[in-house]
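Asks:
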Ligand SMILES: O=P(O)(O)O[C@@H]1C[C@H](O)[C@@H](CO)O1
């Protein structure tokens, strides 16, 4: 993220695979991140720990605006125009350390804490990106349903994650490229009127 910043990048798009905790979510849904829960952060694991590098940002950066409101609006509009409304969601992503998938008790706890999806990435990058003032937009592909029921025979597995990724790859590409094209056209129009 800091290299991107030094290269003059001002906006980053992040994607991940995640387990669905929200019981309304289905495998294959795409969730716009509106917020996150940094679970490793509760135990002091934060990529911004240690001496602050003032060249990039302040010691205590806010995170209440981590996921850019305008980019989320753009994503909803692009998804609607592409006919993706029936699988587009917006919710809260919770990061855990992995690499083991969660226990049933952990999934139940995370759901009660307000998380809609659980995964193992993205948040560290967003923390560093926001510290540097980069605008962030992130999507989770719900690749599997988190196992919440002691009677269930289902288990999370990486093969299902990869398979769901393959199934939605084209539509995700379409969504991101539509957003980028609209951002470019918006920027060009603004530059013309300056
Ligand atoms: O996109 P990420 O890397 O967050 O994908 C998740 C976390 C693990 O890499 C993998 C587990 O199946 O999916």
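In the numbering used here, the protein residues as written are 48 to 241.
Heads up, the beta-carbon is just placed ideally off N, CA and C, and yes, glycines get one too.
Going by the C-beta, is residue 124 closer than 7 Å to any heavy atom of ligand 1?
Replies: It does not: the Cβ of residue 124 is nowhere closer than 7 Å to a heavy atom of ligand 1.
Asks: With residue 60 as the anchor, note down where its alpha helix (DSSP H) starts and where it stops.
Replies: Taken as a continuous stretch (DSSP letters only), residue 60 belongs to no alpha helix (DSSP H), being part of the beta strand (DSSP E) at 58 to 67.
Asks: What is the rounded straight-line gap between the Cα of residue 169 and the Cα of residue 78?
Replies: Taking the straight line joining both Cα atoms gives about 13 Å.
Asks: For chain D, is any of its Cβ atoms less than 8 Å away from the one on residue 98?
Replies: Protein chain content of the structure displayed is limited to a single chain, and chain D is not contained in it.
Asks: Using only the alpha-carbon positions, how far apart do residue 74 and residue 153 sit?
Replies: Taking the straight line joining both Cα atoms gives about 20 Å.
Asks: For ligand 1, any of its heavy atoms closer than 7 Å to the Cβ of residue 211?
Replies: No, ligand 1 has no heavy atom inside 7 Å of this Cβ.
Asks: Under 8 Å, do residue 81 and residue 137 count as touching if we go by C-beta distance?
Replies: Yes, Cβ-Cβ distance for residue 81 and residue 137 is below 8 Å.
Asks: Quick one: what does DSSP say residue 78 is sitting in, helix, strand or coil?
Replies: Correct three-state label for residue 78: strand.
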